[in-house]
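Taking it in order: structure first as structure tokens, then the write-up.
2 protein chains.
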Amino acid sequence: MQVEAEQPARRKGDETARRVRAAALKLFARHGYAAVSVRQIATDVGVQPGALYNHFPTKQDILKDLMLAHMADLLAAWDRDATSRSPNEDPLDAFVRFHIRYHLERADEVFVAYMELRNLEPVNFAEVEAARQQYEKILSDILEDGVRAGRYSVADPKVATRAIIAMLTGIPTWYRPGRGLSRQDIETLYLTMVRKCVAPETSKPMGAG
Amino acid sequence: MQVEAEQPARRKGDETARRVRAAALKLFARHGYAAVSVRQIATDVGVQPGALYNHFPTKQDILKDLMLAHMADLLAAWDRDATSRSPNEDPLDAFVRFHIRYHLERADEVFVAYMELRNLEPVNFAEVEAARQQYEKILSDILEDGVRAGRYSVADPKVATRAIIAMLTGIPTWYRPGRGLSRQDIETLYLTMVRKCVAPETSKPMGAG
DNA sequence: GTTGAAAATGAATGATCGTTCATTTATTTT
DNA sequence: AAAATAAATGAACGATCATTCATTTTCAAC
Chain P
18 MQVEAEQPAR RKGDETARRV RAAALKLFAR HGYAAVSVRQ IATDVGVQPG ALYNHFPTKQ
78 DILKDLMLAH MADLLAAWDR DATSRSPNED PLDAFVRFHI RYHLERADEV FVAYMELRNL
138 EPVNFAEVEA ARQQYEKILS DILEDGVRAG RYSVADPKVA TRAIIAMLTG IPTWYRPGRG
198 LSRQDIETLY LTMVRKCVAP ETSKPMGAG
Chain B
18 MQVEAEQPAR RKGDETARRV RAAALKLFAR HGYAAVSVRQ IATDVGVQPG ALYNHFPTKQ
78 DILKDLMLAH MADLLAAWDR DATSRSPNED PLDAFVRFHI RYHLERADEV FVAYMELRNL
138 EPVNFAEVEA ARQQYEKILS DILEDGVRAG RYSVADPKVA TRAIIAMLTG IPTWYRPGRG
198 LSRQDIETLY LTMVRKCVAP ETSKPMGAG
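Residue numbers (my numbering), protein chains in the order written: chain P, 18 to 226; chain B, 18 to 226.
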């Protein structure tokens with residue numbers, strides 16, 4: 018998975034704006050939007066607080082910028098993934114692998130995009146929410162197609178979508194690469210669970226309700 | 018599921034403390050700990066800001082109190098559930114049902130306990146984290162026992178535990194009772210998915226990796 | 001009903017918040 | 001190199017932050 022190759026800044030301000038975004042992302046992810054002051058961001062960038070306002074109108078705009086960029090990148094990365102993929106590959110497998118890889122690679126972005134939703138002003142929230150629903154639709158379409166084709170069996174594809182996404186998105190909250198399982202291990206484990214979760218019901222029912 | 022029956026306040030201050038907790042819980046859940054001021058809590062309670070300090074030493078202590086109480090209540094509720102249960106009932110079924118019901122009933126507590134972890138001072142965090150691990154262990158023990166008995170098949174019970182809990186805990190983020198699915202529907206849908214997820218592998222493998 | 005303790009008030013503390021702005025410095029364009 | 005523009009400074013703005021405290025009010029025990 019190729020993360021956007023940032024092209025070299027043409028003006029000096031572009032570079033500063035980039036560092037502001039990076040600092041804000043790190044700080045928001047660690048302490049939360051409301052708990053991070055503009056002064057902290059400025060200090061991290063190595064600049065006076067007022068300088069930030071040459072690049073972002075308000076603190077809220079920094080958050081908005083981060084979250085909208087994340088959602089756009091996520092959807093763009095999926096599109097790129099889809100075009101580069103073998104048409105034989107099972108789409109559910111592809112989605113699970115993509116989601117895990119992307120979310121492990123961009124843990125801070127994902128975390129902020131989820132945790133700071135309530136700190137977005139309504140109009141910004143609506144935009145992020147629309148992108149989120151677009152992303153969810155990718156998986157529910159996959160599930161619905163698969164159900165129609167008899168490859169999967171789920172009682173409610175919308176619910177299954179949310180269940181699967183919640184399951185996968187939880188990974189970065191506990192997984193730390195380098196100790197214990199490899200990313201490959203994680204992919205395999207989760208892929209197995211997701212597959213079973215939506216598998217056509219051929220096995221006998223279990224236990225006494 | 019019986020939520021703690023609060024016994025009547027003996028002193029007036031107990032009642033005020035209760036209302037402070039209730040107001041803080043509601044506000045923290047809606048706006049986040051860092052974004053809520055002591056003044057807002059006091060206003061919600063109908064009292065001057067200084068009055069809160071008759072009941073809690075600091076704002077942080079309110080958060081600590083809420084989170085520790087939630088974790089203790091959760092573990093206590095599971096114990097109560099376990100004693101009142103038929104020994105024939107499948108423990109995984111019981112856990113899933115319990116978890117869903119509890120998390121839908123106490124959505125604010127659950128949300129705060131998850132979202133505000135990073136705003137806890139280290140010593141308070143450690144205590145909450147210990148309780149969380151205790152709760153996780155309930156499920157991983159169930160899975161490990163079931164795997165040994167051949168009732169379930171999971172490659173890594175610890176990972177499966179996190180996957181299942183993430184899946185279930187995600188429900189309150191989107192489910193709103195009253196419109197669409199009933200709580201009973203939710204229980205059934207998720208129970209089916211979880212069961213399949215850990216089912217012994219009797220079905221044929223799917224798709225081309 | 002009196003008394004002592006508990007609870008709430010109202011005002012203040014110093015610190016920090018996001019943001020503004022006149023000015024200076026750095027960079028880009030001509 | 002000069003002119004024009006962009007970027008950063010440093011200091012300040014009023015607002016709000018969590019918390020403190022002397023005082024007053026309310027309540028519970030006798």
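All residues carry an ideal CB built from backbone N, CA and C; glycine is no exception. Model, not experiment: these values are computed from the prediction.
TODO: Determine whether the Cβ of L91(B) lies closer than 7 angstroms to any Cβ atom of chain P.
DONE: no
TODO: Could you tell me whether the Cβ atoms of M210(P) and V145(P) are closer together than 7 angstroms?
DONE: no
- [ ] For P239(P), count neighbouring C-beta atoms within 10 Å of its own C-beta (all shown protein chains included) and say buried if the count is 16 or more, exposed if not.
- [x] Chain P is shown only over 18 to 226; residue 239(P) falls outside these bounds and no answer can be derived.
Open item on the list: Any beta carbon from chain P within less than 7 angstroms of D173(B)'s own beta carbon?
Closed with: yes
Open item on the list: Check whether chain P comes within 7 angstroms of A51(B), counting only Cβ atoms and requiring the distance to be less than that.
Closed with: yes
Task: Separation of Y70(B) from T60(B), as counted between CA atoms - done: 14 angstroms
TODO: Starting from the C-beta of G163(B), find all residues in its chain whose C-beta is less than 8 angstroms away, skip the five residues before and the five after it, and write them out in chain order.
DONE: P108, L109, Y169, V215
Open item on the list: I'd like to know whether the C-beta of G187(P) is nearer than 7 angstroms to at least one C-beta of chain B.
Closed with: yes
TODO: Would you tell me roughly how many angstroms separate the C-alpha atoms of P217(B) and Y207(P), rounded to the nearest one?
DONE: 16 angstroms
TODO: Below 7 angstroms CB to CB, which residues in the same chain sit around I117(B) once its five sequence neighbours on both sides are set aside?
DONE: L185, I188, I203, E204, Y207
TODO: Using a Cβ-Cβ cut-off of less than 8 angstroms, list which residues of the region 110 to 144 of chain B approach chain P; keep chain order.
DONE: D110, M132, R135, N136
- [ ] Compute the beta-carbon to beta-carbon distance between L85(P) and A41(P), rounded to the nearest angstrom, for a pair I have assumed lies under 8 angstroms.
- [x] Their Cβ separation, rounded to whole angstroms, is 14 angstroms, which puts L85(P) and A41(P) out of contact at 8 angstroms.
Open item on the list: Does A99(P) pass the burial test, meaning 16 or more other C-beta atoms within 10 Å, or should it be called exposed?
Closed with: exposed
Open item on the list: Determine whether the beta carbon atoms of A227(B) and R102(B) lie at a separation below 7 angstroms.
Closed with: Outside the displayed range of chain B (18 to 226) lies residue 227(B), so it cannot be described from this structure.
TODO: Any chance you could list the alpha helix (DSSP H) runs of at least 4 consecutive residues sitting entirely within the region 151 to 206 of chain B, in chain order?
DONE: 174 to 186, 188 to 191
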